[in-house]
Amino acid sequence: MFKTAALLLSFNILPLIPRSAASMSTIRNTSTPKTVSFACGGDHIAGHLYLPENYDPNQRYPAVAVGGSMASVKEMMAGTYAGELARRGVISLAIDYRNWGQSGGAFRQREDPESKAVDFSAALEFLSHRSDVAGTGLLGICTSGGNVLYPAASDPRVKAIATVAGFFQSASIAPVLHGGEEAIKLKRDQGQEATKLYNDTQEIKLIKAYGGSANESASPGSKPYYEDPTRGNIREWRNEFAVASWGAWIDWDPVAQASLVQAPTLIVHSENAAFPDQARIVYGNIRSQKEIVWAEGAHYDFYDNAETVRFTADKLAKHFYTYLS
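For reference, each letter of the sequence shown is one residue, going -22 to -1, 1 to 303 in mature numbering (1 follows the signal peptide of the UniProt record, and there is no 0).
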């Protein structure tokens, strides 16, 4: 318990550690994607499709669907990595999950891991019908690193996956992560009340996704990436979390999926990213071809630090070319 608590503390404070002057550069996604839309569960998913430089429609490329952190949208870290992978020859599709961003869905800002797994499968379906695609895979950053384990455990179209600074919640750390058993009970009760409110009135009760105090935020404390308009606090993003999400969010256990993953897997993490021991557990449980790369940097460095992102994108491109070409 002490070790887990220390990791939680680290997750909250490490992104605040100043970067060295050499690593202060923030990467900008300057690629111009194509906006696409495809059906999923009676709604639509919006995506940004990034094609490789010097794209040739007569060739076939590795293709990857990309998702970002909890409550993020495709214009944030998912788009950054999609653009970087396209520069390295990988067709990349950054998506807004249903109920987020420009995608459909009436229950806005709702975290639903099962729904997100279905969304990833729909993205693979979209990519697999393209004549320029050789093989399809998934990339998840932060929370989506856990999300990709679900379709990778069940969808045969997942030929390779990768996680970057993956957030791998499990039953063993959920009590500490969510403030203890009493706090979990309170959140579950609030989630049930918010779900009933929505079912009765279609009103969505919201709190902050990031920042602020524990009783007003899904992820409290100082969150530099999400506070800075030159980084994650962009106009396309809403800092909101549906209270009705609590039950599914607390029960979310991607670690339990790891042993079922069949696709070759690359995990890129650091000792200063979220819960490094959880990344080790996931790596240990995966039975397919696997590799883990330990990089430098704090958690948010993986989102937009130029040196960290480019180093990671090089590793990702090599992985996807190996298994999706």
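C-beta: ideal position from N, C-alpha, C; glycine also.
Proximity to residue i [Cα-Cα], best of the options
i           : options                           : result
HIS156      : SER223, TRP272, VAL221 and ILE228 : ILE228
PHE16       : ASN7, GLU92, PHE98 and PRO40      : PHE98
GLY115      : LEU175, GLY124 and LEU102         : LEU102
GLU269      : GLU31, LYS296 and LYS12           : LYS296
residue 304 : TYR28, ILE151, ASN36 and ILE182   : Residue numbering for the chain in the displayed model covers -22 to 303; residue 304 lies beyond these limits and cannot be assessed.
ARG88       : SER200, TRP78 and VAL96           : TRP78
PHE85       : GLY57, ARG76 and PRO91            : ARG76
SER303      : ALA130, SER200, VAL68 and ARG288  : VAL68
SER237      : LYS163, ALA131 and TYR39          : ALA131
THR243      : TYR261, ALA43 and VAL233          : TYR261
Own chain, CB closer than 8 angstroms to residue i, minus 5 neighbours either side, in chain order
i      : result
ILE185 : GLU194, SER195, ALA196, GLU218, PHE219 and VAL221
Rounded separation between residue i and residue j - CA only
i           : j      : result
GLU62       : GLU171 : 42 angstroms
SER9        : TYR59  : 11 angstroms
ILE73       : HIS22  : 11 angstroms
ALA187      : TYR204 : 9 angstroms
ILE139      : GLY45  : 12 angstroms
LEU127      : SER3   : 31 angstroms
SER106      : GLY113 : 7 angstroms
residue 320 : ALA226 : Within the shown structure, residues of the chain are numbered from -22 to 303, placing residue 320 beyond reach of any answer.
GLU19       : GLU92  : The identity of residue 19 in the sequence shown is Gly, whereas the question assumes Glu. When rounded, the distance between both Cα atoms is 12 angstroms.
Beta-carbon separation (whole angstroms), residue i vs residue j, contact threshold 8 angstroms
i      : j      : result
GLU214 : VAL111 : Going by Cβ atoms, the distance from GLU214 to VAL111 rounds to 27 angstroms, so no, they are not a contact pair.
ASP282 : MET55  : 7 angstroms
ALA149 : ASP231 : 6 angstroms
ASN250 : ALA276 : 5 angstroms
PRO11  : TYR28  : 5 angstroms
Close Cβ partners of residue i (< 6 angstroms) along its chain, the five nearest in sequence each way excluded
i       : result
THR121  : SER47, MET48 and PHE145
ARG(-4) : Caution applies to ARG(-4), whose pLDDT of 44 falls short of 50 and renders its modelled position unreliable; the model cannot decide the point.
ALA24   : SER15, ASP74, GLN80 and SER81
Close Cβ partners of residue i (< 7 angstroms) along its chain, the five nearest in sequence each way excluded
i       : result
GLN168  : VAL221 and TRP224
ALA(-2) : Residue placement at ALA(-2) is poorly supported in this model, since its pLDDT is 40, which falls under 50; the coordinates still yield a value, given next. Result list for ALA(-2): empty, nothing under 7 angstroms.
GLU159  : PRO153
Boundaries of the alpha helix (DSSP H) in which residue i is found, first to last residue
i      : result
ASP178 : 159 to 179
SER132 : From DSSP, SER132 is part of no alpha helix (DSSP H); its letter is neither H nor E.
For residue i, the first and last residue of its enclosing beta strand (DSSP E)
i      : result
ILE259 : From DSSP, ILE259 is part of no beta strand (DSSP E) but of the alpha helix (DSSP H) over 254 to 263.
ASP21  : 21 to 28
TRP227 : Counting along the chain, TRP227 falls outside any beta strand (DSSP E), though it belongs to the alpha helix (DSSP H) covering 224 to 229.
VAL154 : Where VAL154 is concerned, there is no enclosing beta strand (DSSP E), although the alpha helix (DSSP H) it sits in stretches over 152 to 155.
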